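Here's the structure, in structure tokens; my notes come after.
Residue numbers (our numbering): 36 to 189.
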């Protein structure tokens, strides 16, 4: 198993990025939700820290739901969509991954703007490789960081 923290996954399996995150999380203690509206109820029932995985339109609502919850220890955000001007720094480590410029995916400049606002690392995925293979070691590193104390914790 990749980690000891459960993964909270918000993914639409009908979309390529949703399928990528589902494949990445498979077999790793994942709680899969199909709608961002389900996050608050999941948070009420959750008792332990977790790592957030979200893509596209799920990213901003998921981050809004977990922003004040200290149990969210890190986030992997794939091809996020939303307004970078309204985004602000996240209180936990985050990785923003996006595809090279392609008509099917948001523009790199947009993802880079969100990564900058969130103070997150930006990872550009190769056009030729399997995104799951590229993201797996990055998720492992993010999970390692998630196990460390956050700012202000002893």
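Every residue, glycine too, gets a C-beta built ideally from N, C-alpha and C. These numbers come from a predicted model, not from an experiment.
Residue 94 and residue 119: beta carbons closer than 8 angstroms?
-> Cβ atoms of residue 94 and residue 119: not closer than 8 angstroms.
Could you tell me which residues DSSP puts in a beta bridge with residue 156?
-> Note: residue 156 sits in a beta bridge opposite 130.
Which first and last residues belong to the alpha helix (DSSP H) in which residue 179 is found?
-> Here the alpha helix (DSSP H) through residue 179 covers 166 to 181.
When you compare only the Cα positions, how much space is there between residue 180 and residue 172?
-> In this model, residue 180 and residue 172 are separated by some 12 angstroms (Cα to Cα).
Backbone secondary structure at residue 194 - three-state DSSP | Beyond the ends of the chain as shown, which are 36 and 189, falls residue 194; an answer cannot be given.
Considering residue 99, what are the terminal residues of the alpha helix (DSSP H) in which it resides?
-> Residue 99 -> alpha helix (DSSP H) spans 94 to 101.
Residue 46 - DSSP class collapsed to helix/strand/coil | Reduced to three states, the DSSP call for residue 46 is coil.
For residue 149, I'd like the list of residues in its chain whose CB is within less than 7 angstroms of its CB, leaving aside the five on either flank, ordered along the chain.
-> Taken in chain order, the residues that qualify are 115, 117, 119, 122 and 131.
Separation of residue 89 from residue 55, as counted between CA atoms = Taking the Cα positions, residue 55 is about 10 angstroms away from residue 89.
For the candidate residues 53, 40 and 82, whose alpha-carbon lies nearest to that of residue 112?
-> Considering only alpha carbons, the answer is 53.
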